[in-house]
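Q: In our numbering, the protein residues as written are 28 to 378.
Ideal placement from N, C-alpha and C gives every residue a C-beta, glycine not left out.
1) Starting from the C-beta of residue 103, find all residues in its chain whose C-beta is less than 8 angstroms away, skip the five residues before and the five after it, and write them out in chain order.
2) Determine the direct distance from the alpha carbon of residue 91 to that of residue 50, and round the result to whole angstroms.
3) DSSP on residue 281, reduced to helix/strand/coil?
4) Given residue 43, which residues of its chain have a CB within under 6 angstroms of its CB, disregarding the five upstream and five downstream residues?
5) Quick one: measure Cβ to Cβ for residue 274 and residue 301, integer angstroms, because I've assumed they're closer than 8 angstroms.
6) Taking DSSP as the reference, what is the three-state secondary structure of residue 378?
7) Apart from the five residues just before and just after residue 243, which ones in its own chain have a Cβ nearer than 6 angstroms to its Cβ?
8) Going by other Cβ atoms of all chains shown within 10 Å of its Cβ, with 16 needed for buried, is residue 318 buried or exposed?
9) Report the residue from 336, 210, 360, 182 whose alpha carbon sits nearest the alpha carbon of residue 252.
10) With the cut-off set at 8 angstroms, would you say residue 267 and residue 308 are in Cβ contact?
11) Tell me which residue opens and which closes the alpha helix (DSSP H) that residue 54 is part of.
12) Express the C-alpha separation of residue 107 and residue 78 in angstroms, rounding to a whole number.
13) Going by DSSP, what residue range makes up the beta strand (DSSP E) through residue 329?
14) Which residue wins for smallest C-alpha separation from residue 292, given the options 198, 138, 105, 53?
15) Please report the straight-line C-alpha distance between residue 287 and residue 371, rounded to a whole angstrom.
In C-alpha cells, the structure reads:
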C-alpha cells in the first residue's frame, strides 16, 4: 500500500509523458494508459472517473508514420492540440550536414564517438559552446524549445519576447511573481537574495507551474497551466493569446527600454500583479460574459486570474564536489508561497 501511494505521488507530480515509436502501439494500450493515469492522478476531491483524459497530462507522441495518407493530418489535428510533421529526414538527407549526422549515428550506435563528435554535439545544445541557435531567426522565434533548467528557460523566454516585441512594435508587460518565505509561520518575509537566486533556477513544475517572471505581449500565444474549467476546455496546456490586463487603481508602473536590432523596445513593470488578464483561449467553449470584451474575431475572451500555491524547496548548505557527495550534504528546507498568473511562455519549456 505504501509503495502504491509513493507511486501515485510520483505520477501526480509528472506533467509530460513522451511516447516514442507510437505507431507500434494499439489503441487498446492507449486506453489502458488513460485509465491507469486517471486512477494514479486522482485526488480525494476528484474521483478517477471525473479526471480529464490521461489524468490531464500532456502526452507527446513521436515516431515514423509510413502510411500517413490518405487521411493525412486531419485525424491527428482532430485528436491532438499540436501536430508537427517532419518531412526532412536528416538520417537520409544526402547533404554535407545529413551525411555528417549519418556518420555520427553509426559511431554512436557502436560506441565509437570521437572528440570531434562531442564538440559537434555541444553546438546542438542551446546555450552550449558554439551554439548554432540565433533567437532573432524567425524559425527559432516560433519553435517551442525544451530545456532542462529554469536558469536557461527564463533568458530564452525573455529573448524571444524582446524579438517578438521588436517585430510587432509592441511593449512588453513584465509580471513578476509575488513570493513569500513562510518557513516560519509566525514571521512571513520576502525571500533572501540567495533564496531568490535559487528560485530562478528551479523548474516551474516545482513552483506550481507558475513562472518567476512572465513577459506578456499583446496578440502573442502562451500556454495556460491551470485547470479552471476543464469542462469548457480551459485547462493545463491550453493555448491562449494575450489581449488585455486589468490592474487595481493603486498599481504603479515603471518604464524601461531595451535595444533590439538597434531599435528601442519598451518594458512595462508594475508594482503588483494584474487583477486578471483577458486571454483568447484556443479551444474554450463558453458564452459571452457580461462586461468581458470580445476578441477581434468576435470570440468571447476568458478572464484568467492570478493563482496562489505553496511549495517546498531544499537548498544544499554548500556546493557538492561530486554527485555522490551531494547526498551527504545537509540541506536547508524552505516553504514558500507564490502568487502569479498561471501562464507560461510557449517558446521555452522546462522538462
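A: In brief:
1) Hits under 8 angstroms: 110.
2) About 7 angstroms.
3) Residue state for residue 281 is assigned as strand, using DSSP reduced to three classes.
4) Closer than 6 angstroms at the Cβ level, and outside the excluded window around residue 43, lie 85.
5) About 5 angstroms; that satisfies the 8 angstroms criterion.
6) Any reading at residue 378 needs caution, since the residue's pLDDT is 45, under 50, leaving its predicted position unreliable; the model's value is listed next. Three-state DSSP puts residue 378 in coil, outside helix and strand.
7) These residues qualify, in order along the chain: 200, 269.
8) Residue 318 is exposed by the Cβ-count criterion.
9) Its Cα nearest to that of residue 252, the residue 336 stands out among 336, 210, 360, 182.
10) Taking 8 angstroms as the Cβ cut-off, residue 267 and residue 308 qualify as a contacting pair.
11) The continuous alpha helix (DSSP H) containing residue 54 extends over residues 54 to 67.
12) Each residue's alpha carbon lies about 18 angstroms from the other.
13) From DSSP, the beta strand (DSSP E) with residue 329 extends over 329 to 331.
14) The option with the nearest alpha carbon to residue 292 is 198.
15) Distance between the alpha carbons of residue 287 and residue 371: 22 angstroms.
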